[in-house]
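Undergrad:
Protein chains: 2
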Amino acid sequence: MHEKYPLVSNPRDPRFHSLLNLKGHGGRSRTGTYLIEGIRHLARAVERNCSILQIIVDTSVLSNVFGQKLVRRLRQTGVPAIRLTPELYRELTMANEPQGVCAELRQQTLAIGDLKPGRDSLWLAVESVDLPGNLGTILRTAEAAGAAGIFLLERSSDPWDPVCVRASMGSLFGLRLVPCTMAEFVSWARKHRVTIVGSSPRGLLNFKALRCRWPAVLLVGSERQGLSPQLMEHSHLTVRIPMHGGCDSVNAAVARGVLLFEMASQREQRGWG
Amino acid sequence: MHEKYPLVSNPRDPRFHSLLNLKGHGGRSRTGTYLIEGIRHLARAVERNCSILQIIVDTSVLSNVFGQKLVRRLRQTGVPAIRLTPELYRELTMANEPQGVCAELRQQTLAIGDLKPGRDSLWLAVESVDLPGNLGTILRTAEAAGAAGIFLLERSSDPWDPVCVRASMGSLFGLRLVPCTMAEFVSWARKHRVTIVGSSPRGLLNFKALRCRWPAVLLVGSERQGLSPQLMEHSHLTVRIPMHGGCDSVNAAVARGVLLFEMASQREQRGWG
Numbered sequence: 626m627h628e629k630y631p632l633v634s635n636p637r638d639p640r641f642h643s644l645l646n647l648k649g650h651g652g653r654s655r656t657g658t659y660l661i662e663g664i665r666h667l668a669r670a671v672e673r674n675c676s677i678l679q680i681i682v683d684t685s686v687l688s689n690v691f692g693q694k695l696v697r698r699l700r701q702t703g704v705p706a707i708r709l710t711p712e713l714y715r716e717l718t719m720a721n722e723p724q725g726v727c728a729e730l731r732q733q734t735l736a737i738g739d740l741k742p743g744r745d746s747l748w749l750a751v752e753s754v755d756l757p758g759n760l761g762t763i764l765r766t767a768e769a770a771g772a773a774g775i776f777l778l779e780r781s782s783d784p785w786d787p788v789c790v791r792a793s794m795g796s797l798f799g800l801r802l803v804p805c806t807m808a809e810f811v812s813w814a815r816k817h818r819v820t821i822v823g824s825s826p827r828g829l830l831n832f833k834a835l836r837c838r839w840p841a842v843l844l845v846g847s848e849r850q851g852l853s854p855q856l857m858e859h860s861h862l863t864v865r866i867p868m869h870g871g872c873d874s875v876n877a878a879v880a881r882g883v884l885l886f887e888m889a890s891q892r893e894q895r896g897w898g
Numbered sequence: 626m627h628e629k630y631p632l633v634s635n636p637r638d639p640r641f642h643s644l645l646n647l648k649g650h651g652g653r654s655r656t657g658t659y660l661i662e663g664i665r666h667l668a669r670a671v672e673r674n675c676s677i678l679q680i681i682v683d684t685s686v687l688s689n690v691f692g693q694k695l696v697r698r699l700r701q702t703g704v705p706a707i708r709l710t711p712e713l714y715r716e717l718t719m720a721n722e723p724q725g726v727c728a729e730l731r732q733q734t735l736a737i738g739d740l741k742p743g744r745d746s747l748w749l750a751v752e753s754v755d756l757p758g759n760l761g762t763i764l765r766t767a768e769a770a771g772a773a774g775i776f777l778l779e780r781s782s783d784p785w786d787p788v789c790v791r792a793s794m795g796s797l798f799g800l801r802l803v804p805c806t807m808a809e810f811v812s813w814a815r816k817h818r819v820t821i822v823g824s825s826p827r828g829l830l831n832f833k834a835l836r837c838r839w840p841a842v843l844l845v846g847s848e849r850q851g852l853s854p855q856l857m858e859h860s861h862l863t864v865r866i867p868m869h870g871g872c873d874s875v876n877a878a879v880a881r882g883v884l885l886f887e888m889a890s891q892r893e894q895r896g897w898g
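Protein chains in written order, with our numbering: chain V, 626 to 898; chain L, 626 to 898.
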């Protein structure tokens, strides 16, 4: 099955080379595309109407019937497909348990100038993230908490890094990503009267005591350094998670989740208060 | 400095061998001890009055003055110390950035029969955890949220695994660890009228709507499988975190953090309600 797709077996084949280039930040920036691997990811990308440029399969691995159907359906809508030999496929994906199907997707972002916040919307702004896997976890948490979108304030955080894509578990496809500078972000928030909530172990408010005007954006810094002093200054409120015992912090992903779900729930309770 | 401590340079030296054995579960079980690495960890272990059996240093790396003082102080209280060559030290710790000081600590646990819950205390019970690093993150989160202790319902979750120890960031030393069987746990909760709160994506209550009698214990399952049906049945209440977007779950560490901090804050607000 799928044997009709052209086979690429030579590691020097230019088609393979352009795919390999997508593993690096530079290659992805040049094409404005990125790679995803696995049936579940592909299914979610289809669900979310992502722009799929091509399918890459390893027919020796793709035994799942649902996965095979998905590829056939995409082929019928005109998406080109190629086959790779198992060796080339493994080199491309580096997945621990490859599922035999990859896709090249167009990077989708929103320009901050085009963005209007919904009346009660919750946003997340990420100043910088040390590890791509952590950015993926942030994306997943943000979608689960009902965030409308994510501002990426530093170009160095690449949401299309394969490690981030994998950790986001498909949430990358459902979120509005807004790359911008700090100045653009601050002036957008001012223009649209969006409350900026900074988070830090030195935040002034216990996060449970936070009551903010909506729309609002939660601002998180890097795992090691936290928020920069500039962004702390631009925050209308700063919150902290009070620590017990000898702890001075919790895992950054845990902290962001705790804050995001608290804000999400405060937003929902607004209607009742 | 520290040159007076006996040097072990032969990889076949029995002192080195017994240390190496502590890297495996079997070796740790036999001795009832475990290893920690790094100045921060050692300082917290001292703070928490952990039982420190010996210090192991690599003097070529231990340049930090505070670390050196800490070792000297422990020596003065009678804790034996040995030096390892850099090669042996690296083999022992496998740390990315070794700080030149290790310690062998006694595993400290509480027998469930001796345990009485404080009136308003919050507990955590872990059924099983797939990855030791995740158990470490749970310990850290639990201490930060003010949990009184942790029930370890499966012997397979070894809190003294080096990866768990590192991820716990020292919280391992401040928490009461209670290894027990499921039956012991359930009968302890019944005897002391402790509310068992199960967590699952299929939990009946939105976690924000939880109002429980105290003391209470939050019960979490493994990252992949969640709670077993038996423990779901023994729960007085089951909670879920509502998901938005296309998400069916969040990262397990994030979910546990969100639930723990919510319960911790409900407990604190009780006084005002």
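Using N, Cα and C, we set each Cβ at its ideal position, and we do this for glycine too.
Just so we're clear, the structure is a prediction, and the values are computed from it rather than from any experiment.
Which bits of chain V does L:Ala878 rub up against, with CB to CB less than 9 Å?
TA: The contacting residues are Thr762, Asn876, Ala878, Val879 and Gly882.
Undergrad: Looking at C-beta atoms only, is the number of pairs between the region 747-756 of chain L and the region 889-896 of chain V that lie closer than 8 Å three or more?
TA: No, because fewer than three Cβ pairs between the region 747-756 of chain L and the region 889-896 of chain V fall closer than 8 Å, the two stretches do not touch.
Undergrad: Can you pull the chain L residues whose beta carbon is under 8 Å from the beta carbon of V:Ile866, in chain order?
TA: Going along chain L in sequence order, the residues near V:Ile866 (Cβ under 8 Å) are Ala769 and Phe886.
Undergrad: Given a threshold of 16 other Cβ atoms within 10 Å of its Cβ, counted over all protein chains shown, does L:Val690 qualify as buried or as exposed?
TA: Its Cβ having fewer than 16 others within 10 Å, L:Val690 is exposed.
Undergrad: Is V:Asn831 helix, strand or coil when you go by DSSP?
TA: V:Asn831 falls in the strand class under three-state DSSP.
Undergrad: If you follow the alpha helix (DSSP H) that V:Thr734 is in, where does it begin and where does it stop?
TA: Neither: V:Thr734 is in no alpha helix (DSSP H) and is coded neither H nor E.
Undergrad: Enumerated in chain order, which unbroken segments of the alpha helix (DSSP H) with a length of 4 residues or greater are wholly contained in the region 680-755 of chain L?
TA: Those alpha helix (DSSP H) runs which fall completely within the region 680-755 of chain L and span 4+ residues are 690-701 and 711-718.
Undergrad: Below 7 Å between beta carbons is the criterion; list the residues of the region 796-821 of chain V that meet it against any residue of chain L, in chain order.
TA: Residues Ser796 and Gly799.
Undergrad: Quick one: list the residues of chain V neighbouring L:Gly871, beta-carbon separation under 9 Å, in chain order.
TA: The contacting residues are Arg669, Glu672, Arg673, Glu768, Gly795, Ser796, Phe798 and Gly799.
Undergrad: Distance, Cα to Cα, V:Ser874 vs V:Pro705?
TA: Roughly 48 Å separates the two Cα atoms.
Undergrad: What residue from V:Leu852, V:Ser654 and V:Glu809 has the CA that sits closest to V:Gly738's CA?
TA: When each option's Cα is compared against that of V:Gly738, the closest is V:Glu809.
Undergrad: Check the Cβ of L:Lys833 against every Cβ in chain V and list those closer than 7 Å, keeping chain order.
TA: Within chain V, the residues near L:Lys833 are Ser890.
Undergrad: Check each residue of the region 713-736 of chain L: if its Cβ is closer than 9 Å to any Cβ of chain V, include it; give the result in chain order.
TA: Listed in sequence order: no entries.
Undergrad: Counting only C-beta atoms, is L:Arg765 closer than 8 Å to chain V at any point?
TA: Answer yes: the Cβ-Cβ gap between L:Arg765 and chain V drops below 8 Å somewhere.
Undergrad: Assign L:Gly663 to one of two classes, buried (16 or more other C-beta atoms within 10 Å of its C-beta) or exposed (fewer than that).
TA: L:Gly663 is buried by the Cβ-count criterion.
Undergrad: Put L:Glu858 into one of helix, strand or coil per three-state DSSP.
TA: L:Glu858 falls in the helix class under three-state DSSP.
Undergrad: Should V:Asp739 be flagged as near chain B, meaning a C-beta pair shorter than 8 Å?
TA: The chain labelled as chain B is not found among the protein chains of the depicted structure, namely V and L.
Undergrad: By the three-class DSSP mapping on this structure, what secondary structure does V:Val883 have?
TA: V:Val883: helix per DSSP, three-state reduction.
Undergrad: Let me check one thing: in DSSP terms, what residues is L:Phe776 bridge-paired to?
TA: Looking at the DSSP assignment, L:Phe776 forms a beta bridge with L:Ala750 and L:Val803.
Undergrad: State whether the region 878-885 of chain V contacts the region 677-693 of chain L, with contact taken as three or more CB pairs (one from each stretch) at a distance under 8 Å.
TA: No, the region 878-885 of chain V does not touch the region 677-693 of chain L.
Undergrad: What residues match up with V:Gly851 in a beta bridge as DSSP calls it?
TA: Paired residue(s): V:Ser847.
Undergrad: Do the region 855-862 of chain V and the region 803-821 of chain V touch if we need at least three Cβ pairs shorter than 8 Å?
TA: Touching, yes.
Undergrad: Starting from the Cα of V:Ala720, find the closest Cα among V:Val790, V:Leu632 and V:Gly743 and give me that residue.
TA: Of the candidates V:Val790, V:Leu632 and V:Gly743, the one whose C-alpha sits nearest the C-alpha of V:Ala720 is V:Val790.
Undergrad: Three-state secondary structure (DSSP) at L:Glu809?
TA: Correct three-state label for L:Glu809: helix.
Undergrad: For a quick check, are the C-beta atoms of V:Arg801 and V:Gly828 less than 8 Å apart?
TA: It is not a contact, given that the beta carbons lie outside the stated cut-off.
Undergrad: Cβ of V:Val819 within 8 Å of Cβ of V:Val803?
TA: Against a cut-off of 8 Å, the Cβ pair of V:Val803 and V:Val819 comes out as no contact.
Undergrad: May I ask which residues mark the beginning and end of the beta strand (DSSP E) holding L:Ile763?
TA: That residue, L:Ile763, is in no beta strand (DSSP E); its alpha helix (DSSP H) goes Pro757 to Ala769.
Undergrad: Pull up the CB-CB distance for V:Met868 and L:Ala792, whole angstroms please, since I reckon it's below 8 Å.
TA: With a Cβ gap of about 17 Å, V:Met868 and L:Ala792 do not count as contacting.
Undergrad: Do you know offhand how far V:Leu777's Cα is from L:Gln733's?
TA: Looking at the two C-alpha atoms, the distance is approximately 44 Å.
Undergrad: Could you give the first and the last residue of the continuous beta strand (DSSP E) run that contains L:Ile661?
TA: Run containing L:Ile661: Thr658 to Glu662, per the beta strand (DSSP E) assignment.
Undergrad: What separation, rounded to the nearest whole angstrom, lies between the Cα atoms of L:Glu779 and V:Ser824?
TA: Distance between the alpha carbons of L:Glu779 and V:Ser824: 36 Å.
Undergrad: Output yes if chain V places a C-beta closer than 8 Å to the C-beta of L:Cys837; else output no.
TA: Not an interface residue.
Undergrad: Mapping the DSSP letters down to three states, classify V:Ser825 as helix, strand or coil.
TA: Coil.
Undergrad: Quick one: what's V:Ala878 bridged to in DSSP?
TA: V:Ala878 pairs with nothing; no bridge assigned.
Undergrad: Counting only the same chain and skipping the five closest in sequence on each side, list residues whose C-beta sits under 8 Å from that of V:Glu863.
TA: The amino acid occupying residue 863 of chain V in the given sequence is Thr; Glu does not appear at that position. The residues are Val822, Gly823, Ser824, Ser825, Arg827, Gly828, Leu829, Leu830 and Met857.
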